[in-house]
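Numbering (my numbering), first residue to last: 296 to 598. Glycine is no exception: its CB is placed at the ideal position from the N, C-alpha and C atoms.
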């Protein structure tokens with residue numbers, strides 16, 4: 296978790312979560328904002344975070360500037376169970392009780408805006424060519440969590456503007472320090488002549504979006520380069536790719552045969568694709584092929 300201040304104003308940004316997407320957002324903020332504070336959250340015991348959280352929030356209040364909160368955090372994932380989901384939402388609520396205290400202390404001097412990183416894939420699992428006419432049809436507890444978080448943010452009177460950003464499948468060409476994700480794992484294992492197990496089918500369709508593109512878009516929202524009203528926005532490419540298509544592209548780039556093992560039992564094999572018509576305004580997505588060539592170079596140069 297980090298607290299930033301704009302180099303040219305009193306505006307602050309509170310960024311919670313430094314995973315794949317959070318790190319991409321932080322990389323953008325690092326170039327144009329001062330980092331005033333950073334803390335590592337203990338997700339297992341909320342109360343243990345209070346001393347550091349209260350200190351960070353005091354620094355935010357002292358700037359007397361507008362505050363933009365970005366929530367890109369969470370330990371739960373696509374396959375998490377109900378108990379883990381409930382614990383995470385409880386943590387989410389506790390954090391936002393503290394955010395509300397910031398609003399009270401500011402005494403309406405400053406405005407609070409909010410970006411929530413949500414999951415389009417979880418909310419529309421099994422649907423294709425999704426438009427705004429499609430109803431959410433989450434099939435997992437993780438989808439329930441995302442919907443609860445979205446509804447929570449919509450109903451907070453102290454948030455002046457909110458942006459619910461629903462992401463499709465995220466991949467990276469730069470962040471290789473954490474969980475690699477499907478595309479990077481396939482390429483890494485291919486380079487090292489290792490078998491990779493894919494929980495799905497070669498015909499499974501996904502909509503892939505680069506973490507860098509998401510980070511840049513969130514930064515443009517925060518820095519008011521894009522003017523949006525409160526609402527739900529889809530950060531998608533609108534171009535579905537099958538697992539087979541991805542694996543063939545990887546094989547051509549690395550010049551090696553891939554050893555793929557498909558496992559359908561307990562798989563995440565349902566198609567999830569989106570219509571280009573619902574792509575967020577001014578959201579620019581880069582092409583998969585050149586990004587995979589960059590990823591290839593970076594994997595080759597890993598120690």
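CB contact flag (residue 557, residue 489, <9 Å): Translated into the one-based positions of the chain shown, residue 557 becomes position 262. Translated into the one-based positions of the chain shown, residue 489 becomes position 194. Cβ distance not < 9 Å, so residue 557 and residue 489 don't count as in contact.
C-beta atoms of residue 513 and residue 311 nearer than 9 Å: Sequence index remark: in the chain shown, residue 513 carries index 218 (1-based). Sequence index remark: in the chain shown, residue 311 carries index 16 (1-based). Going by C-beta atoms, residue 513 is not nearer than 9 Å to residue 311.
The region 406-424 / the region 452-463 touching (three or more Cβ pairs under 8 Å): yes
Residues bridged to residue 492 (per DSSP): On the chain shown, position 197 is the one that residue 492 refers to. 556, per the DSSP bridge assignment.
Residue 365 classed as buried or exposed, judged by whether at least 16 other C-beta atoms fall within 10 angstroms: As a working note, residue 365 is residue 70 in the chain shown. Residue 365 comes out buried.
Best match in 315, 332, 323 for proximity to residue 309 [C-alpha to C-alpha]: In the chain shown, the residue the question calls residue 309 occupies position 14. Checking every option, the nearest Cα to that of residue 309 belongs to 332.
Residue 264 in three-state terms, based on DSSP: This structure does not reach residue 264, given that the chain is present from 296 up to 598, and the question cannot be answered.
Assigned secondary structure, residue 434 (DSSP; H/G/I helix, E/B strand, else coil): Within the chain shown, numbered from 1, the residue matching residue 434 stands at position 139. Coil at residue 434, not helix or strand.
Separation of residue 334 from residue 341, as counted between CA atoms: One-based indexing of the chain shown puts residue 341 at position 46. One-based indexing of the chain shown puts residue 334 at position 39. Rounded to the nearest angstrom, the two C-alpha atoms are 13 Å apart.
Pick from 525, 507, 343 that is closest to residue 445, judged by C-alpha positions: Counted from its first residue, the chain shown places residue 445 at position 150. The residue with the shortest Cα to Cα distance from residue 445 is 525.
Close-in-space but distant-in-sequence residues of the same chain around residue 572 (CB under 7 Å, 5 per side omitted): Here the question's residue 572 lines up with position 277 in the chain shown. Here the set comprises 426.
Nearest-angstrom Cα separation, counted from residue 507 out to residue 470: Working through the chain shown from its first residue, we reach residue 470 at position 175. Working through the chain shown from its first residue, we reach residue 507 at position 212. So the two alpha carbons sit approximately 10 Å from each other.
Local conformation of residue 332 per DSSP, three classes: Along the chain shown, one-based indexing puts residue 332 at 37. It is a strand residue.
Under the three-state DSSP convention, the category residue 297 falls into: Numbered from 1 along the chain shown, position 2 holds the residue referred to as residue 297. Of the three classes helix, strand and coil, the one that applies to residue 297 here is strand, per DSSP.
Beta-carbon contacts of residue 406 that lie in its chain and below 8 Å, excluding the five residues immediately before and after: In the chain shown, counting from the first residue as 1, residue 406 sits at position 111. So the list reads 361, 362, 455, 456, once near-sequence residues are dropped.
The region 433-441 / the region 465-485 touching (three or more Cβ pairs under 8 Å): no
N- and C-terminal bounds of the alpha helix (DSSP H) containing residue 391: Position 96 of the chain shown, counted from the start, is the residue given in the question as residue 391. Counting along the chain, the alpha helix (DSSP H) containing residue 391 begins and ends at 377-401.
According to DSSP, residues forming a beta bridge with residue 366: For the purposes of this step, residue 366 is identified with residue 71 of the chain shown, where counting begins at 1. Residue 366 is bridged to 311, 411.
Alpha carbon of residue 563 to alpha carbon of residue 428, nearest angstrom: Your numbering for residue 563 matches position 268 in the chain shown. Your numbering for residue 428 matches position 133 in the chain shown. When rounded, the distance between both Cα atoms is 24 Å.
Complete runs of the alpha helix (DSSP H) confined to the region 496-555 [at least 4 residues]: 506-517, 538-549
Local conformation of residue 459 per DSSP, three classes: To locate residue 459, count along the chain shown from 1; it is residue 164. Reduced to three states, the DSSP call for residue 459 is strand.
Opening and closing residue of the beta strand (DSSP E) in which residue 464 lies: Position 169 of the chain shown, counted from the start, is the residue given in the question as residue 464. Looking at the DSSP string, the run of the beta strand (DSSP E) that includes residue 464 is 464-466.
Inter-residue CB distance, residue 497 and residue 539 (contact presumed, cutoff 8 Å): Here residue 497 is taken as the residue at index 202 of the chain shown, counted from 1. Here residue 539 is taken as the residue at index 244 of the chain shown, counted from 1. At roughly 4 Å, the Cβ-Cβ gap stays under 8 Å, so residue 497 and residue 539 are in contact.
Beta-carbon gap between residue 467 and residue 324 smaller than 9 Å: Locating residue 467 in the chain shown gives position 172, where the first residue counts as 1. Locating residue 324 in the chain shown gives position 29, where the first residue counts as 1. Cβ distance not < 9 Å, so residue 467 and residue 324 don't count as in contact.
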